[in-house]
Amino acid sequence: MYSQYIRDEFSILNKSKIFNTILYNTIRQNNIFFNNGKFFTTQNVDEIDVTFINQDNYEKTVKAKIGDSILKVAHDNHINIEGACEGFCACSTCHVIIDENFHDLLPEPLDNEIDMLELAPCITETSRLGCQIKLSKELDGMKIQLPPMTRNFYVDGHDRDWEPIKKEDTINKIFYPFKTKKLS
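Residue numbers for the sequence shown follow the UniProt record's numbering, so the first one is 1 and each next one is one higher.
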């Protein structure tokens, strides 16, 4: 019923049936509604546009809610940022490079973020951790470059200050847990 009303309302434009159909479909897909000659959209005013640039310089612009972290926005939009610690500032796998025009608009990083960034490969002057940046209205249009690589110390085995366990020690613990006999 409502869709017929919208179609009839656009037929007064005296355009062809094809034009009216295209206009109607465009309005319906973009959630634009008309009320007494005024139009409004259902797009959330608390959203901004953020552009992610991957290692191959492919750009993907997405809608992001104000207050979300860059890491959350990336995960919600299937952008390849690992975020191994799930946003607790305990790794550097959400390392991103912020566009210079927007870097000065961000709050200064805290000491724990700086400590984690020092462990990240390929850092720049505008490097930040995506989990620590909360989006605001001023960041609308921000471009975020993904670094060429990240390092997950837990998975890569670089998180230890001690010697790695030797293969023969592991075999002895598995096969001879109660004996001190070693395999030769």
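The beta carbon of each residue, even a glycine, is placed where N, CA and C say it ideally should be. From a predicted model like this one, the values you see are computed outputs, not experimental measurements.
Next on the checklist: Between Glu-125, Asp-115, Asp-111, Ile-98, which has its C-alpha nearest Leu-139's C-alpha?
Outcome noted: Taking only the C-alpha atoms, the option nearest Leu-139 is Ile-98.
Checklist entry - What whole-angstrom Cβ distance do His-95 and Leu-135 have, given they're in contact under 8 Å? => result The distance from the Cβ of His-95 to that of Leu-135 is about 17 Å, inconsistent with a contact at the 8 Å cut-off.
Item to check | Rounded straight-line distance, which links the Cα of Pro-147 to that of Ala-64 | outcome: Going by the C-alpha atoms only, they are around 21 Å apart.
Checklist entry - For His-103, does the three-state DSSP call read helix, strand or coil? => result In the structure shown, His-103 adopts helical secondary structure according to DSSP, grouped into three states.
Item to check | Inside the UniProt domain "2Fe-2S ferredoxin-type" (48 to 150) only - beta strand (DSSP E) runs reaching at least 3 residues | outcome: For the UniProt domain "2Fe-2S ferredoxin-type" (48 to 150), whole beta strand (DSSP E) runs of length 3 or above, ordered along the chain, are 59 to 65, 95 to 98, 127 to 129, 142 to 145.
Next on the checklist: Between the stretch 60 to 75 and the stretch 112 to 119, can you find at least three pairs of beta-carbon atoms closer than 8 Å?
Outcome noted: Touching, no.
Checklist entry - Expressed to the nearest angstrom, what Euclidean distance is found between the alpha-carbon atoms of Glu-108 and Cys-85? => result Rounded to the nearest angstrom, the two C-alpha atoms are 21 Å apart.
Item to check | 8 Å contact criterion, which Asp-49 and Ile-66 should meet: CB distance rounded | outcome: Actually they do not touch by this definition, with Cβ atoms about 12 Å apart.
Checklist entry - Leu-88: buried (16+ other C-beta within 10 angstroms of its C-beta) or exposed? => result Here the sequence assigns Phe to residue 88, which means Leu is not the residue at that position. It counts as exposed.
Checklist entry - CB Cys-122 to CB Met-149, shorter than 8 Å? => result For Cys-122 and Met-149, yes; Cβs fall inside 8 Å.
Checklist entry - How should Gly-83 be labelled, buried or exposed, when 16 other C-beta atoms within 10 angstroms of its C-beta is the threshold for buried? => result Note on Gly-83: 16 or more other CB atoms within 10 angstroms of its CB, so buried under the neighbour-count rule.
Checklist entry - In angstroms, rounded to a whole number, what distance separates the CA positions of Lys-137 and His-103? => result Approximately 14 Å between the Cα atoms of the pair.
Item to check | For Val-62 and Asn-77, believed in contact at Cβ under 8 Å, the rounded distance | outcome: At roughly 4 Å, the Cβ-Cβ gap stays under 8 Å, so Asn-77 and Val-62 are in contact.
Next on the checklist: In whole angstroms, give me the CA-to-CA distance for Ser-127 and Ile-144.
Outcome noted: Distance from the CA atom of Ser-127 to the CA atom of Ile-144, rounded to whole angstroms, is 10 Å.
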